[in-house]
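Report on the following structure.
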Amino acid sequence: MSNSHLFLKPAFITTPGQNGVGRYFCQLQRVVLKFCKNNGSSRGMREFIENKLIDFVKETPEVAVYMKPRRHRTPIIRAEYLNGDTQWVNARNFTEDEILKWLQLLKTQSSDKTGIRLRKLLHTDHPSVQGPWTPYTFRDPKLNLAEFPSPELAGPHVVETTATEELLEMYKNQQIEDVNEKRAE
16 MSNSHLFLKP AFITTPGQNG VGRYFCQLQR VVLKFCKNNG SSRGMREFIE NKLIDFVKET
76 PEVAVYMKPR RHRTPIIRAE YLNGDTQWVN ARNFTEDEIL KWLQLLKTQS SDKTGIRLRK
136 LLHTDHPSVQ GPWTPYTFRD PKLNLAEFPS PELAGPHVVE TTATEELLEM YKNQQIEDVN
196 EKRAE
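According to my numbering, the sequence shown is numbered sequentially starting from 16.
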């Protein structure tokens, strides 16, 4: 075991409210778009604000978006998360599509965890060079290209009729029985 862990700040994997266990809520709290009204390197940011910002805000109402015009400065995207972390993206000469992709990335991640050693509950002096086992380790690669539902992959326990079809069949049988009872009377 090396001594590289001595200088890193230890931290455990925590998410506010155990995000993803019960329900998901976006970790991104606020986005500040800093740009120059005249500078050529801010052209993509200005086009994004004019054309695509309204759509982004409608898609993600839980994120507050602020615009901050600054003279003769490089455009920057600043993202602030619920846990207090802040990320900066230098958007110099970005197109409006690139800015939208960066905003989508910042929206879907929790925050920047670089420099933090994540602690595990287990320790070994001889870690595996093969990596951890997952349920998908020895799966057939054909599953990546398969379209589901697939009768070849389903096996012998395939149900031929759907639940809706079975309910309709039960309803028809009930109607027939009712008619037969009325005739018998």
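Heads up, the beta-carbon is just placed ideally off N, CA and C, and yes, glycines get one too.
- Between the stretch 85-100 and the stretch 109-127, the count of C-beta pairs closer than 8 Å reaches three or more; the two stretches touch.
- In chain order, Y96, L97, S125 place their CB closer than 6 Å to the CB of Q42, counting only its own chain and leaving out the 5 sequence neighbours on each side.
- In the DSSP secondary-structure assignment, Q102 is bridged to A94.
- A direct Cα-to-Cα measurement between R93 and Y39 gives close to 23 Å.
- In this structure, the alpha-carbon of L48 lies about 54 Å from that of T176.
- Assigned with DSSP and collapsed to three states, Y151 falls in coil, not helix or strand.
- Under DSSP, Y81 takes part in a beta bridge, and its partners are V47.
- Inter-residue distance for F71 and L115 is about 8 Å (C-alpha atoms, whole angstroms).
- Secondary structure note for A178: its alpha helix (DSSP H) is the uninterrupted segment 178-199.
- Between V104 and V46, the alpha-carbon positions lie close to 11 Å from each other.
- Distances from the alpha-carbon of D112 to those of L120, G59, T89 put G59 closest.
- The DSSP-derived three-state label of D70 is helix.
- Secondary structure note for T89: it is in no alpha helix (DSSP H), with a DSSP letter that is neither H nor E.
- Approximately 4 Å separates the beta-carbon atoms of P90 and A106; this is inside 8 Å, confirming the contact.
- When the five nearest sequence neighbours on each side are left out, the beta carbons in the same chain lying within less than 8 Å of the beta carbon of L121 are those of L43, V46, I92, A94, Q102, V104, in order along the chain.
- Excluding residues up to 5 positions away in sequence, E111, I114 lie with their Cβ nearer than 6 Å to the Cβ of F63 in the same chain.
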